[in-house]
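Participant: The structure that follows is given in the form of structure tokens.
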Amino acid sequence: MLNFIRDKKAKLKWVLWLVIIALGAGMVLMFVTTPSGGGEVEMGNYIAKVGDHEISINAYRSNLLTVLNMMGPDARRDENAIRQYGNMVLGQMIRTVVLSQEAARNGFTVSDEEVMNTIVNSPGFNIDGNFIGTEEYKSNLKRLGISPEEYEANVRRNLLSQKLQDFLASSAALSEQEIQAKFVEENDKAKIRYVTWGEYAYTPKVVYNEADARKYYESNKNNYKIDETRQFKLLILDTNKLAAALAASVTDAEIRADYEANRAERYQEMVRASHILIKVPENATPAEVELLRQKAATVRELALRPGADFAKLAEQYSEDEGSAKRGGDLSFFPRNRMVKEFEDATFALSKGQISEVIKSQFGFHIIQCTDRRDFDFYRSVIARNLSRVRAEQQLEGSARQALQKARESKNLEAVAKEFGGTVELSNPFNKTQPDYSLGLPPDKIDTLLALTLNEVGDLQQTSRGFVIPQLVKIIPPHVQAFDKVKVQVDRDYRTAKARELAAADARVFLAELKASGDLDKTAAKYKLTVETSELFNVSGSISNQLGASPALALEALRIEPNGVGGPVSVRDNQVVFQVTERVKPDLSRLAAERKALVEKLLGEKRRQLTDALLNSLVKRYQDDKLIQVNQPLLDRILG
Numbered sequence: 005m006l007n008f009i010r011d012k013k014a015k016l017k018w019v020l021w022l023v024i025i026a027l028g029a030g031m032v033l034m035f036v037t038t039p040s041g042g043g044e045v046e047m048g049n050y051i052a053k054v055g056d057h058e059i060s061i062n063a064y065r066s067n068l069l070t071v072l073n074m075m076g077p078d079a080r081r082d083e084n085a086i087r088q089y090g091n092m093v094l095g096q097m098i099r100t101v102v103l104s105q106e107a108a109r110n111g112f113t114v115s116d117e118e119v120m121n122t123i124v125n126s127p128g129f130n131i132d133g134n135f136i137g138t139e140e141y142k143s144n145l146k147r148l149g150i151s152p153e154e155y156e157a158n159v160r161r162n163l164l165s166q167k168l169q170d171f172l173a174s175s176a177a178l179s180e181q182e183i184q185a186k187f188v189e190e191n192d193k194a195k196i197r198y199v200t201w202g203e204y205a206y207t208p209k210v211v212y213n214e215a216d217a218r219k220y221y222e223s224n225k226n227n228y229k230i231d232e233t234r235q236f237k238l239l240i241l242d243t244n245k246l247a248a249a250l251a252a253s254v255t256d257a258e259i260r261a262d263y264e265a266n267r268a269e270r271y272q273e274m275v276r277a278s279h280i281l282i283k284v285p286e287n288a289t290p291a292e293v294e295l296l297r298q299k300a301a302t303v304r305e306l307a308l309r310p311g312a313d314f315a316k317l318a319e320q321y322s323e324d325e326g327s328a329k330r331g332g333d334l335s336f337f338p339r340n341r342m343v344k345e346f347e348d349a350t351f352a353l354s355k356g357q358i359s360e361v362i363k364s365q366f367g368f369h370i371i372q373c374t375d376r377r378d379f380d381f382y383r384s385v386i387a388r389n390l391s392r393v394r395a396e397q398q399l400e401g402s403a404r405q406a407l408q409k410a411r412e413s414k415n416l417e418a419v420a421k422e423f424g425g426t427v428e429l430s431n432p433f434n435k436t437q438p439d440y441s442l443g444l445p446p447d448k449i450d451t452l453l454a455l456t457l458n459e460v461g462d463l464q465q466t467s468r469g470f471v472i473p474q475l476v477k478i479i480p481p482h483v484q485a486f487d488k489v490k491v492q493v494d495r496d497y498r499t500a501k502a503r504e505l506a507a508a509d510a511r512v513f514l515a516e517l518k519a520s521g522d523l524d525k526t527a528a529k530y531k532l533t534v535e536t537s538e539l540f541n542v543s544g545s546i547s548n549q550l551g552a553s554p555a556l557a558l559e560a561l562r563i564e565p566n567g568v569g570g571p572v573s574v575r576d577n578q579v580v581f582q583v584t585e586r587v588k589p590d591l592s593r594l595a596a597e598r599k600a601l602v603e604k605l606l607g608e609k610r611r612q613l614t615d616a617l618l619n620s621l622v623k624r625y626q627d628d629k630l631i632q633v634n635q636p637l638l639d640r641i642l643g
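The sequence shown runs 5 to 643 under our numbering.
Here it is as structure tokens:
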């Protein structure tokens, strides 16, 4: 990605800041969902509250950008990835705060000296082993939108949470039986040669018969049983609808003011550019430099011709190997990312314009601006955000009045008519099969399910607007009728029959293999390919094709070399195999490997203890309504 064109010092700092922010916020990349909170969340200048601590928007944005940058450009362009990582980041930030608060409650402390030592010794604040200095430290935090006080409080919380985890980890212990069992598990190994029958290949051979499908349904009714479900009326005061009506009332002056106030963090000016580089060697003579400049000027003239394809010219002439393959594309970048000459020239271009020949320390550049993100780009986004905020402010008072009237009358239709809302009927759902189309987090769905019949629940704010729910129907546990689940039964029936057909062929093959003892000869007869596994244990991967399969591994580990086994269903394949090698555990080696094995087992047990504590604490905080997520603001950021 144009590594040579970025100022080396600036590049170093950028990488280090990723580390800094991750350290300061206690970032651990755990793929977890966001713990959602107690009562209604008012719009505020925070992304979430944990107890009395507010997680700031800036801290959240910084951590999210850290993760997205680590994940690469594809993640930054993928809306689903942004939402996934956004929830993951917030979830981990909440967990760090929960742990730190619990640590403080149990008497753990972190001194100012510990905080400063962590910062001073952080690789992100060191260059060549030396602290960068107080002013540089403050300056760089300021550029990230975080104050030193906020950053140092984050470091303190991280240290507190780590102390609690370390204390808990110190209680982990192992028995001799656990150590020996793990040694045996890891060192009892086998190697096999095998053939497979893909079960899905048999699906076209399945002759569907509704009578047989009904028999399958009758024999497997528990698969189609559904627990008690509940159905709700939802009175919706549509924020989006009002926001659209208010859009015309947002003035250019308001849009400009919001842009100027937030351009550093929300509306960062960026350009997308492509370039062609003609490198200049460090030892080039003035005459050689001039020849290279003339070459660059000639390429520029080609780029300026009507109908010229800049991308093809970059592929042909550019000596930046990374970007040349992409037609010279450097993707979007903000200010202070490229060397000054390159940046100044690029940001001065309008969309589609081609620069003069630009000289930098790396050579001569011809630059084309392919897109811009400036005020004009953000104008519609800002207008939409401002009109939505205005709509939320206008509707909130009406929504609270509507809630009061709904609770008094229990008549959502009448209240909707009075307040200009609509009433919809939800799909029946329960805790194990929630209806996420409602736009509510899991804890809010749990609250809905706790309502009594005809009870009106709390006012909820979703991406659609303000919602007032009323429980109108309780459907007892029942097996769903065949006609309702016919599509699922059809799919399950075909899959089961295909598996039976594949297993039948595998059993015929196994019988012949046992008789002949020759896997290659038997496989050739049936035109099957023989594959060879890795040496595997009960929990390891057998091969790239089969992955890990404890069922197959356990069977193979009971068979001596040249013995055969199967068929076993693995990854939608029926597998028949022959053991070619067995390695049995040698307990005499346990003493030599004991230290590493104990460390590994203790690490696993410590993680289990920490996870159990964390899950317990988060649940208690949720039950006590101590975690609140500013869902509307989160949706807006991730959208």
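Glycine included, every Cβ here is placed at the ideal spot set by N, Cα and C.
The structure displayed is predicted, hence computed values, not measured ones.
#1: Closer than 7 Å by C-beta to Lys518: which residues in its own chain qualify, once you throw out the five before and the five after it? Chain order, please.
#2: In its own chain, which residues sit with a C-beta less than 7 Å from the C-beta of Leu642, not counting the 5 before and 5 after it?
#3: Tell me the start and end of each unbroken alpha helix (DSSP H) in the stretch 251-322 that is at least 4 residues and wholly inside, in chain order.
#4: What number of angstroms, rounded off, separates the C-alpha of Ala26 from the C-alpha of Ala508?
#5: At the level of alpha carbons, what is the spacing between Asp333 and Arg276?
#6: Helix, strand or coil, according to DSSP, for Ser648 in the structure here?
#7: Could you please give the first and the last residue of the uninterrupted alpha helix (DSSP H) stretch that includes Ala595?
#8: Can you list the alpha helix (DSSP H) stretches of 4 or more residues lying completely in the stretch 79-152, in chain order?
#9: When DSSP labels each residue in this structure, what does Ser364 get in the three-state scheme?
#10: Out of Pro438, Asn541 and Lys53, which has the shortest C-alpha to C-alpha gap to Pro589?
#11: Taking C-beta to C-beta, are Leu601 and Leu591 nearer than 9 Å?
#12: So, for Arg383: in the same chain, excluding its five sequence neighbours on each side, which residues have a beta-carbon less than 7 Å away from its beta-carbon?
#13: What does the Cβ neighbour count give for Glu203, buried or exposed, with the cut at 16 atoms within 10 Å?
#14: Report yes or no: do three or more beta-carbon pairs, one from the stretch 541-552 and one from the stretch 184-194, lie closer than 8 Å?
#15: Would you tell me roughly how many angstroms separate the C-alpha atoms of Ser430 and Gly443, rounded to the nearest one?
#16: Can you give the Cα-Cα distance for Tyr321 and Glu117, rounded to whole angstroms?
#17: Can you name, in chain order, every residue of its own chain whose Cβ lies under 8 Å from the Cβ of Met75, other than the five neighbours on each side?
#18: Does the stretch 386-401 come within contact of the stretch 239-258, defined as at least 3 CB pairs closer than 8 Å?
#19: What residue range does the beta strand (DSSP E) around Ile51 cover?
#20: By DSSP, does Gln397 sit in helix, in strand, or in coil?
#21: If you check the beta carbons only, do Gly331 and Lys316 fall under 9 Å apart?
#22: To the nearest angstrom, how far is it from the Cα of Ser278 to the Cα of Glu428?
#23: Identify the continuous alpha helix (DSSP H) that holds Val512 and give its terminal residues.
#24: Does the count of Cβ pairs from the stretch 399-409 and the stretch 456-466 closer than 8 Å reach three?
#25: Check Lys195 in the structure and name its three-state DSSP category.
#26: Determine the direct distance from the alpha carbon of Val101 to that of Leu145, and round the result to whole angstroms.
#27: Comparing alpha-carbon positions, which option in Asn130, Ile371 and Gly424 lies nearest Met342?
#28: When the distance is taken between beta carbons, is Tyr198 closer than 9 Å to Val579?
#29: Report the three-state DSSP secondary structure of Ser545 (helix, strand or coil).
#30: Straight-line CA distance for Ser179 to Leu72?
#31: Closer than 8 Å is the cut-off here; do at least three beta carbon pairs connect the stretch 151-169 with the stretch 512-526?
#32: Look up Gly529 in the DSSP assignment and say whether it is helix, strand or coil.
#33: Per DSSP, what kind of secondary structure is Asp324 in: helix, strand or coil?
#34: For Gly469, which beta-bridge partners are listed by DSSP?
#35: Could you spell out where the alpha helix (DSSP H) holding Glu417 opens and where it closes?
#36: What is the DSSP secondary structure of Gln437, reduced to helix, strand or coil?
Facilitator: In terms of the structure at hand:
#1: Val568
#2: Ile86, Arg87 and Gly90
#3: 256-266, 290-308 and 314-321
#4: Unreliable positioning characterises Ala26 in this predicted model, as indicated by a pLDDT of 42, which lies under 50. The coordinate reading is nonetheless provided below. Near 55 Å, if we compare the C-alpha coordinates of Ala508 and Ala26.
#5: 8 Å
#6: The displayed coordinates of the chain run from 5 to 643. Any statement about residue 648 would go beyond what the structure contains.
#7: Leu594 to Asp627
#8: 83-109, 116-124 and 138-147
#9: strand
#10: Asn541
#11: no
#12: Ile259
#13: buried
#14: yes
#15: 12 Å
#16: 56 Å
#17: Ala85 and Tyr89
#18: yes
#19: Tyr50 to Val54
#20: helix
#21: yes
#22: 50 Å
#23: Lys490 to Ser520
#24: yes
#25: strand
#26: 21 Å
#27: Ile371
#28: yes
#29: strand
#30: 42 Å
#31: no
#32: Going by the sequence as given, residue 529 is Lys instead of Gly. Here Lys529 sits in helix by DSSP.
#33: coil
#34: Asp242
#35: Leu416 to Phe423
#36: coil
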